[in-house]
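From first to last, the protein sequence lines are chains A and B. Residue numbering for the first sequence is 1 to 198, as defined by the numbering used here. Residue numbering for the second sequence is 1 to 157, as defined by the numbering used here. Contents: one structure, followed by commentary.
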Amino acid sequence: MKIQVKKYRFFGLMLAVNLVLYLLDRPLAQSSARNAAGFILEVLPIIPPVMVLMGLLDVWTPRKLVEDNLGAGSGVLGAMLAVVLGTAAAGPIYAAFPVAVSLRNKGATTANIAIFLGAWATIKIPMILMESSFIGLRFALLRLAFTIPGVLCVGYLMGKMVPENTPLGDPLPGEQGEVSGSFQKPATTSLAATGSIK
Amino acid sequence: MISYVLTVITLIALAISFTLDRKRTGRALRIGVRSLTSLAPVLLGMMGMVGLVLALIPPQLLSELFKHNGTAGFALVAVVGALITIPAPVAFPLAGSLVKLGASLSSMAAFITTLTMVGVLSAPMEIACFGKRFTLVRQSLSFVLAIAIGGLMGVFL
């Protein structure tokens, strides 16, 4: 992929700059390499477990159930599901775009898509441990406490300011009917609609 | 210390997941490896750059900027963060190293938020997916949110 190549290019550039620097000013290049190595060693033991945790969250989130409940009339529950879905996924925000497109095609509202993207970008439960190890636990929790309502606000305003996109795909069965009436437990109604519950 | 706790939590979660569903656990591991391999080059590049910048610019100068020019430092990191988009696991160590140089925590909160939520450079991709209006409004609102979070963090920390 293009992004992949770009990423490696950046690292290659840094190596090249360091190499040139080494020829020009040896101690400077050495201190630069020492700095970089220090950071990398600091990050090294933390990143792999975080990635595995995110993978676990990703596969254990009942995605279908969430996807089916982000449409018009999903209200507070839809917004919460958008946060949960975004939080549970792995990757930077641009990795979320294709997922968000498929959500939109399944009838998700603009507000819920914006909330999903925001949550995906900044709210990651496994990341809290990482954030607190690099900056501080108080910082991480406080930032989380401000970010969740903030992302919800952005979503709400987006819903007001950006016209709804018409879904491109086929509307899911069971989503056309009166959704707005019952948001007590759409999860179970959706399961009842799709699965075989007696 | 945190890394041990993290590793133990991960291993326990993996074990539980494995007993519940082997196939799914395998999928989770593959996702983990995939995000690790796609993250590694960015992370290495970013660390290389931070190392270089810190070697070239005397740390005292940077901390002077953050200390005496609080507002300027705040605006600077917020705007820099808005230009580029990097994944959260890269943003945290970067912010952590800036804190060690004397950057204020409130500016780092704004920095992390713009870094992860606002990306002028990734905007074309977002426009292709959701249209101009969606992208413009979302990014502007997110930038305002980042400033607000930074300000609030300044009050509480």
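The beta carbon of each residue, even a glycine, is placed where N, CA and C say it ideally should be. What you are looking at is a predicted structure, and each value in this text was computed from that prediction instead of being measured.
Using a Cβ-Cβ cut-off of 8 Å (strictly less than) and excluding sequence neighbours within five positions of A/LEU28, which residues of its own chain qualify?
Stepping through the first sequence from its first residue, residue 28 of chain A is reached at position 28. Closer than 8 Å at the Cβ level, and outside the excluded window around A/LEU28, lie LEU21.
Could you say which of B/LEU29, B/ALA72, B/ALA110 and B/SER97 lies nearest to A/ILE135 if we only look at CA atoms?
Position 135 of the first sequence, counting from 1, holds the residue named residue 135 of chain A. Closest in C-alpha terms to A/ILE135, from the list B/LEU29, B/ALA72, B/ALA110 and B/SER97, comes B/SER97.
Using 8 Å as the limit for Cβ to Cβ distance, is A/THR166 near chain B?
Position 166 of the first sequence holds residue 166 of chain A. Low confidence applies to A/THR166: its pLDDT is 47, below 50, so where it sits in the model is not reliable, and the reading given next is rough at best. Not an interface residue.
What three-state label does DSSP hand B/THR85 in the structure shown?
Taking the second sequence and counting its residues from 1, the one referred to as residue 85 of chain B is at position 85. In this structure, B/THR85 counts as coil in the three-state DSSP scheme.
Looking at chain B, is there any beta carbon in it that lies within less than 8 Å of the beta carbon of A/GLY169?
Here residue 169 of chain A corresponds to residue number 169 of the first sequence, with the count starting at 1. Its pLDDT being 36, under 50, A/GLY169 is placed unreliably in this model, and the value from its coordinates should be taken loosely. False, the Cβ-Cβ gap to chain B never drops below 8 Å.
Helix, strand or coil for B/ALA28? Go by DSSP, reduced to three states.
For the purposes of this step, residue 28 of chain B is taken as residue 28 along the second sequence, with counting starting at 1. In the structure shown, B/ALA28 adopts helical secondary structure according to DSSP, grouped into three states.
Would you mind listing the alpha helix (DSSP H) stretches within the segment 40-124 of chain B that are 4+ residues and don't spill past its ends, in chain order?
Within the segment 40-124 of chain B, the complete alpha helix (DSSP H) segments at least 4 residues long are 59-68, 70-83, 88-100 and 105-117, listed from N- to C-terminus.
Name the chain B residues that come within less than 7 Å of A/VAL17, Cβ to Cβ?
Along the first sequence, one-based indexing puts residue 17 of chain A at 17. Listed along chain B are LEU52, each with a C-beta nearer than 7 Å to that of A/VAL17.
Thinking C-alpha only, which one of B/ALA88, B/CYS129 and B/LEU136 is nearest A/SER102?
Start at 1 with the first residue of the first sequence, and residue 102 of chain A comes out as number 102. The candidate whose alpha carbon is nearest that of A/SER102 is B/CYS129.
Less than 8 Å between CB atoms is the rule here; does B/PRO58 satisfy it with respect to chain A?
Numbered from its first residue, the second sequence carries residue 58 of chain B at position 58. It does not: the Cβ of B/PRO58 has no partner Cβ on chain A nearer than 8 Å.
Which value, in whole angstroms, describes the spacing of the CA atoms of A/MET80 and A/PHE116?
If you number the first sequence from 1, residue 80 of chain A lands on position 80. If you number the first sequence from 1, residue 116 of chain A lands on position 116. Approximately 9 Å between the Cα atoms of the pair.
Neighbour flag for B/ARG22 against chain A, beta carbons, 8 Å:
Taking the second sequence and counting its residues from 1, one reaches residue 22 of chain B at position 22. No, B/ARG22 does not count as interfacial toward chain A.
Taking the alpha-carbon positions, what's the B/THR37 to B/LEU44 distance?
Counted from its first residue, the second sequence places residue 37 of chain B at position 37. Counted from its first residue, the second sequence places residue 44 of chain B at position 44. Taking the straight line from one Cα to the other gives about 11 Å.
Taking only three categories from DSSP, how would you classify A/ASP58?
By one-based count along the first sequence, residue 58 of chain A stands at place 58. In the three-state reduction of the DSSP assignment, A/ASP58 falls in the helix class.
Among A/LEU23, A/VAL17 and A/THR61, which has the Cα closest to the Cα of B/ARG24?
Here residue 24 of chain B refers to the residue found at position 24 of the second sequence. Shortest Cα-Cα distance from B/ARG24 to any of A/LEU23, A/VAL17 and A/THR61 involves A/THR61.
Can you name the residues of chain B whose CB is closer than 8 Å to the CB of A/ASP58?
Sequence index remark: in the first sequence, residue 58 of chain A carries index 58 (1-based). Ordered by position in chain B, the residues that pass the 8 Å Cβ test against A/ASP58 are ALA28 and ILE31.
Output yes or no for whether 8 Å exceeds the beta carbon distance between B/ILE84 and B/GLY119.
Position 84 of the second sequence holds residue 84 of chain B. Position 119 of the second sequence holds residue 119 of chain B. Contact flag set, yes.
Would the C-beta of B/MET153 count as close to the ligand GTP, meaning under 7 Å from any of its heavy atoms?
This structure does not include the ligand GTP; it has no bound ligands of any sort.
Selection from B/SER35, B/THR135 and B/GLY32 that minimises the alpha carbon distance to A/PHE97
If you number the first sequence from 1, residue 97 of chain A lands on position 97. Nearest option by C-alpha distance: B/THR135.
Count the other CB atoms within 10 Å of the CB of B/TYR4; is the residue buried (16 or more) or exposed (fewer)?
Locating residue 4 of chain B in the second sequence gives position 4, counting from the first residue. Exposed: under 16 other Cβ atoms inside 10 Å.
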